[in-house]
Structures are given as structure tokens and as C-alpha cells.
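Per the working numbering, the sequence shown starts with residue 68, numbered consecutively. Backbone N, C-alpha and C define an ideal beta-carbon position, used for all residues, glycine too. Here the structure is a predicted model, which is why all the values come from computation and not from measurement. In what follows, a structure is listed as C-alpha cells, so that the remarks can point back to it.
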Amino acid sequence: MAPRDGGGLDVREARQEAEREAAVHGLDLDTVLAVATPERAVRVIAGLLGPTVGFGPVPAGPNDMATASATGSVGRVTARREGLLRVQVRVPVALDVSVLIGSRRIPAEVDLVVHVGLVGRAAPGAVEIDVDPIRPADVDADVRTRGVGGVFLRRLGDLDAEIRHHVGVYVSTLLATPEAVAECRIRIP
């Protein structure tokens, strides 16, 4: 069986298709690969995120009965090439989450890894990077709470799913900013 790329194509077929696509736009595949690197992806995403993150207060829980806020620090961003044109970025984040239900504050500590998929492609006079939508399944979360309130929140409020959802929205919003969109189009002279 022939080796496959990340999209399921035979590697040779994937390369030929990517070479044809690049040639349509007056580029060669090696130029696309030299620009759309894992190292560039790490530099851009780490630069957009910065060393710290925060969001909230946002409505949370069933019928928005609570509000949640979070602050945290971004760990070492890494990336690797998957297949010919796909780069998978891994963003670790340590979050301190605070959920307010009525007058009761329930803290949670969360270690996250957000997976961001990028695909480089040739375009007229440029290499463009397509960003996969961030889904809850792209967010790994290790959530830790204490006490009865924490157990209640995790079980009835589905805290883990809420965190994955809000982190996905936060990252998607960040990757849709004009600055991020500009970074996804690299002009080729």
C-alpha cells in the first residue's frame, strides 16, 4: 500500500496535485513549502496569543445561570507538518477559571491543549494559509475543581464542555482578527 498524506491521498498523488495548483498561480511547490512552515506557524500563533490570555465574564451553564471568567498563561507553542501541506499547531494553556453562580464563586484549574490545523496553498502572487475551524474536539482539557460546588458544576453544569466551547470561540475570534488574517497571506515577489 502506498503511503498516504494527511488528506488520504497517496503521497505522490498529493504532491503532483499540489505542484499543479502552485503552477496555476505561477509558483512552485517548494516555494509554498518554504513559506508555510511549522516554524512560521509557531511564531505567528504565539505572537497573536502573547504570553497570557483572558476572557469573560461570559454567560455559562444551563440557561446561562452562571458567569465565567478565566486568565492564564500560554506554554510553549509547537507545530509539526502532517502530510504535505498541513501543519498542526499545539498550544498549551494553563487557565484559572472562576465561575460565579449567584453569590458563590467556584474556582477551577484547567490545563488545555488547543490544536490548530493550518493548510498552505498557492494563490495569485502569494501563499495563503487556511485555518481549520476550532471545534470543541480540538481542545483537550484537564479540569480540576474542589468541593461539592466543584462536583456540582462539573456534572450538572458540564463545565468541561463549557470550557472547550468558550476556548474554541476565543481562539477562533483571535484567528479571525485583521492582524491574523493578514498573517495568513504571505506575498511572494
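Which residues bound the beta strand (DSSP E) around residue i?
i: V154; result: 153–168
i: G114; result: Segment 105–116 is the alpha helix (DSSP H) holding G114; no beta strand (DSSP E) there.
Can you say whether residue i is buried or exposed, counting buried as having 16 or more other CB atoms within 10 angstroms of its CB?
i: V218; result: exposed
i: E229; result: buried
i: A190; result: buried
i: R231; result: buried
i: T119; result: exposed
i: A90; result: exposed
i: D131; result: exposed
Could you compute how far the alpha carbon of residue i sits from the alpha carbon of residue j?
i: R148; j: A108; result: 10 Å
i: D209; j: G139; result: 14 Å
i: P105; j: G235; result: 21 Å
i: A137; j: V248; result: 25 Å
i: R87; j: A243; result: 29 Å
i: P200; j: D207; result: 15 Å
Measuring CA to CA, which of the options is closest to residue i?
i: D97; options: M132, R188, L242; result: R188
i: R202; options: E106, V183, T104, D131; result: V183
i: P256; options: R213, A193, P200, L241; result: A193
Residue i bridges to which residues according to DSSP?
i: A146; result: V156
i: V9; result: Residue numbering for the chain in the displayed model covers 68 to 256; residue 9 lies beyond these limits and cannot be assessed.
i: E195; result: R188, R252
Would residue i count as contacting chain B if we go by Cβ distances under 8 Å?
i: P129; result: Note that chain B does not occur in the displayed structure, where there is just one protein chain.
Any heavy atom of the ligand FMN within a distance shorter than 7 Å of the CB on residue i?
i: D197; result: Annotation note on the ligand FMN: not contained in the displayed structure, which lists no ligands.
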